[in-house]
Ligand code: NAD
């Protein structure tokens, strides 16, 4: 099976104005992909699209809004004649414990991180079917592989993304659509601003990752991982493998 040429990718990237999404937009656009950057940060999203050239567009998209999804998918279809890839990457962290978080905050985190991923899959599927197939990458986290204290909403949403990926991979396999989950560990982006370096100190690779390192993994998933679906791609400096201890 041949790899998928980057300049044939027509990809919608949610959360594309910042961090991992922005790094992926840069990497794919540099090799000729057509990209829609979709985000709620209109100024930085539009500025990035302008910088990356005429094959890249910005659209306002709140991933938790079905109406926004319909409008943005229609834009991409009109602009590119279709889509063959979706990077469901937007997310928020929300430090929500169990007793100390409001029900509204838990719902906000899961609406964006999990319901938003469902909406993306739901609305892009007919377009990918029409294209004869495609690739969906859903950003989960190491928080979709283990627990973290004080992050109940985030952990629940990211395990949900991992589970939704499995279900979607099975439902969409007959249509030549591959669906995978991406599981970053600590990555230096605006999401982790202010978190101390020592969070990563006991990992086998004892540093924060860079957004571009995750973007390279995403590029591989879109273009080269032609025998993977339902799979979990972990990029975490070894964090979930365990801690390096000296006794
Ligand atoms: P980031 O904050 O730099 O980027 C997240 C982007 O999502 C922002 O541009 C933000 O505006 C956008 N966004 C937020 N709510 C949105 C909404 N309702 N609709 C559309 N866009 C919205 O953070 P990042 O680290 O690049 O995060 C990207 C993804 O990676 C997230 O899903 C996050 O949970 C996941 N992740 C990040 C880390 C990390 O350490 N940075 C680790 C594991 C997983």
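Numbering (the numbering used here), first residue to last: 307 to 553.
Quick reminder that beta carbons are idealized off the backbone N, C-alpha and C, glycines included.
Predicted, not measured: the structure shown is a model, and the values here were computed from it.
Using a Cβ distance threshold of 8 Å, residue 318 and residue 389 count as a contacting pair.
Residue state for residue 527 is assigned as helix, using DSSP reduced to three classes. Per the C-alpha coordinates, the member of 439, 458, 399, 546 positioned closest to residue 509 is 546. By alpha-carbon distance to residue 323, the top candidate from 515, 497, 542, 541 is 497. Taken from the Cβ of residue 360, every heavy atom of the ligand NAD lies 7 Å or farther away. DSSP places residue 344 in the uninterrupted beta strand (DSSP E) bounded by 340-345. Distance from the CA of residue 410 to the CA of residue 501, rounded to the nearest whole angstrom, comes to 25 Å. Fully enclosed beta strand (DSSP E) runs of no fewer than 3 residues occupy 391-394 of the region 364-422, in order along the chain. When distances are taken from the beta-carbon of residue 367 to the heavy atoms of the ligand NAD, the shortest one is below 7 Å. In the structure shown, residue 485 adopts extended strand secondary structure according to DSSP, grouped into three states.
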